[in-house]
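Taken in order, these protein sequences are the chains called U and D. First residue of the first sequence: 1, per UniProt numbering; consecutive thereafter. First residue of the second sequence: 1, per UniProt numbering; consecutive thereafter. Think of the CB as a built atom: it goes at the ideal place given N, C-alpha and C, for glycine as much as any other residue. Have a look at the structure below before the remarks.
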Amino acid sequence: MGKAKVKRASTSIDMTAMCDVSFLLLTFFVLTATARQPETLTVDTAPSYSQAKLPDGNLAIITVGDEGKVFFKMSDPNVRVETLQRMASKYGMEFSPEEYAKFKGLEDFGVSIKAMKTLLAANDSERTAEKQRGIPVDSTQNLTNELFSWVKEARVASANILRNKAMEDGKDPDDIELMTVAIKADADEKFPSLNLIIETLRNQKQNKFSFVTGLKAD
Amino acid sequence: MAELNQDSGKGGKGGKVRSKKNGGKVDLTAMVDLAFLLITFFMLTTSLNKPQAMDVAMPDKNVEQDKNTDVDVDEHRSVTLVLGSDDKLVWYQGDVKNPLQGPTVIDYSNEGLRSVLLKMQKLVPQQAGGKDVIVVIRPSEKSVTRNIIDALDEMKIVDIKRYMISNRIMDDEIELLKKENLYND
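Okay, here's the thing in structure tokens:
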């Protein structure tokens, strides 16, 4: 009886192809991941079971927290510029091209329009939530309710930009998607400050809006 | 210059420079491990950091101001949730002065708000001749955003078709909250 010869297969596998594929995927994910700028005013949103996600672009977020401080954020840089132009003419102010360029890169802000120049002149590190007093908001539709103007002008600016783009592409300019307005409120924010924002939106017939919530774990 | 030419000619023609073969294989296991770890990280962070959104539609203001369009609603159909402080709320059916059911203090848990909503969802069509329940969420000044989100969330879970957020809280309702000690800062 001859002994059966056990063939020893080599234990090492060629990993080159696997390595190639994994680095290809890695490169893809790194490039598609958008770097998220940290928000100036960080709020702790209330959790919900809602499965819907916020859209990526064409979005305006009103953040409220820290005892009623209101911040405003527009997702699209081009909308930011046009909104500031419209706000400047509405409030009788002048901004230089440099200030427009800075505002284009400004993720969010929480100052009155009068203090906007100081904010734009400041360094990134100086634009903290403590230094920004929040956008003035009240229950009227006048110029004193600056949040009302910001939201309104942002909506007009977004619609203008999308309409022009649709015209260039040869599509129907009336068939555009309207800007989504979302409220990101701190979970422990009292109702009166939230109510002011809801009323501000309702006063300009923005009756549909979203609450930004976190995901409930259980 | 000449030397250089000569050198290259020599190299092309004759003796091959022998490169030392160092074994063509490198152990890639660690590298692959690392790559997959990073892939996992980027995949999860890109899709998971997108926040959830909860869509809300409020009634148009002009319609609300127009008193002539007020419709009489069967008092059996209206269920009001008055959101107070301390993560509690008071609910009642019908009119606040003479409620058909309640007012009762409940919390936002499954046993509290959800069971009430489920009960009323079944009960109201029997009382009101097949018409479904209308839930009015009325946050008081002492309630916080978390309470409103929780209440709206329950509407979606229980599948209440008609609900609204109302900010016109009545004095009777504030009295109700004060009596139940739910109007604290």
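Could you name the residues of chain D that residue i contacts, counting a contact when the two beta carbons are closer than 7 Å?
i	result
F29 (chain U)	I39, F42, M43, T46
M15 (chain U)	L28, T29, V32
M18 (chain U)	V32
A182 (chain U)	A53
Under 9 Å between beta-carbons, which chain U residues line up against residue i? List them in chain order, please.
i	result
E141 (chain D)	K190, F191, P192, N195
K178 (chain D)	The premise fails here: K178 (chain D) is roughly 16 Å from chain U at the closest Cβ pair, so nothing lies under 9 Å.
I137 (chain D)	Those do not exist, as I137 (chain D) stays about 11 Å from chain U at its closest Cβ, beyond 9 Å.
D171 (chain D)	Per Cβ cutoff of 9 Å: no residues; D171 (chain D) is ~16 Å from chain U at best.
Using the Cβ count rule (16 or more neighbours within 10 Å means buried), how would you classify residue i?
i	result
E177 (chain U)	exposed
I13 (chain U)	exposed
P59 (chain D)	exposed
N142 (chain U)	exposed
M167 (chain U)	exposed
T213 (chain U)	buried
D171 (chain D)	exposed
V144 (chain D)	buried
K114 (chain U)	exposed
Q132 (chain U)	buried
V6 (chain U)	exposed
L182 (chain D)	buried
Q126 (chain D)	exposed
Q206 (chain U)	buried
E130 (chain U)	exposed
Q51 (chain U)	exposed
A57 (chain D)	exposed
V26 (chain D)	exposed
E126 (chain U)	exposed
D186 (chain U)	buried
N98 (chain D)	exposed
A157 (chain U)	buried
E82 (chain U)	buried
K73 (chain U)	buried
E173 (chain D)	buried
P103 (chain D)	buried
Name the chain U residues that come within less than 8 Å of residue i, Cβ to Cβ?
i	result
Q52 (chain D)	S48, S50, Q51, A52, K53, L54, V212, T213, G214, L215
R146 (chain D)	A46, A187, D188
L118 (chain D)	Per Cβ cutoff of 8 Å: no residues; L118 (chain D) is ~16 Å from chain U at best.
A57 (chain D)	N207, K208
I157 (chain D)	Y49
Which residue or residues does DSSP assign as beta-bridge partners of residue i?
i	result
V93 (chain D)	Correcting the residue identity first, residue 93 (chain D) is Gln in this sequence and not Val. DSSP output for Q93 (chain D) lists D:V79, D:Q101 as bridge partner(s).
R138 (chain D)	D:V82
D108 (chain U)	U:K73
I61 (chain U)	U:K73, U:A182
S50 (chain U)	The partner list for S50 (chain U) (beta bridge, DSSP) is empty, contrary to what the question assumes.
F209 (chain U)	D:V56
R162 (chain D)	D:I134
V21 (chain U)	V21 (chain U) is not bridged to any residue.
D107 (chain D)	D:K88
L215 (chain U)	U:S48
Would you say residue i and residue j are within 7 Å of each other, going by their C-beta atoms?
i	j	result
I135 (chain U)	V79 (chain U)	no
V79 (chain D)	V135 (chain D)	yes
L24 (chain U)	I39 (chain D)	no
K152 (chain U)	Q204 (chain U)	yes
V116 (chain D)	E180 (chain D)	no
L83 (chain D)	N167 (chain D)	no
E154 (chain D)	L113 (chain D)	yes
T63 (chain U)	K190 (chain U)	no
F42 (chain D)	F29 (chain U)	yes
L119 (chain U)	T200 (chain U)	no
I137 (chain D)	I169 (chain D)	no
L54 (chain U)	P51 (chain D)	yes
S75 (chain U)	G92 (chain U)	no
M179 (chain U)	R202 (chain U)	no
E141 (chain D)	P192 (chain U)	yes
K88 (chain D)	D107 (chain D)	yes
V90 (chain D)	L152 (chain D)	no
T40 (chain U)	D108 (chain U)	yes
K131 (chain D)	R77 (chain D)	yes
Going along chain D in order, which residues have a C-beta closer than 8 Å to the C-beta of residue i?
i	result
L26 (chain U)	A35, L38, I39, F42
N203 (chain U)	K61
T32 (chain U)	T46
F23 (chain U)	A35
A154 (chain U)	Ordered by position in chain D, no residue passes the 8 Å Cβ test against A154 (chain U), which lies about 18 Å from the chain.
A115 (chain U)	Near A115 (chain U) there are no residues of chain D at all, since even the closest Cβ is about 27 Å away, more than 8 Å.
Along chain D, which residues have their Cβ under 9 Å away from the Cβ of residue i?
i	result
I198 (chain U)	V56, M58, I165, N167
Note down, in chain order, every chain U residue with its Cβ under 7 Å from the Cβ of residue i.
i	result
K88 (chain D)	Chain U residues near K88 (chain D): none, gap ~14 Å exceeds 7 Å.
I149 (chain D)	A46, S48, F211, T213
D74 (chain D)	Ordered by position in chain U, no residue passes the 7 Å Cβ test against D74 (chain D), which lies about 26 Å from the chain.
Return the chain-ordered ranges of every beta strand (DSSP E) run that is complete within the region 142-195 of chain U and spans a minimum of 3 residues.
Within the region 142-195 of chain U, the runs of beta strand (DSSP E) at least 3 residues long that lie entirely inside it are, in chain order, 180-185.
Listed in chain order, which residues of the region 86-112 of chain D have Cβ atoms closer than 7 Å to some Cβ of chain C?
Looking for chain C here will not work: the only protein chains present are U and D.
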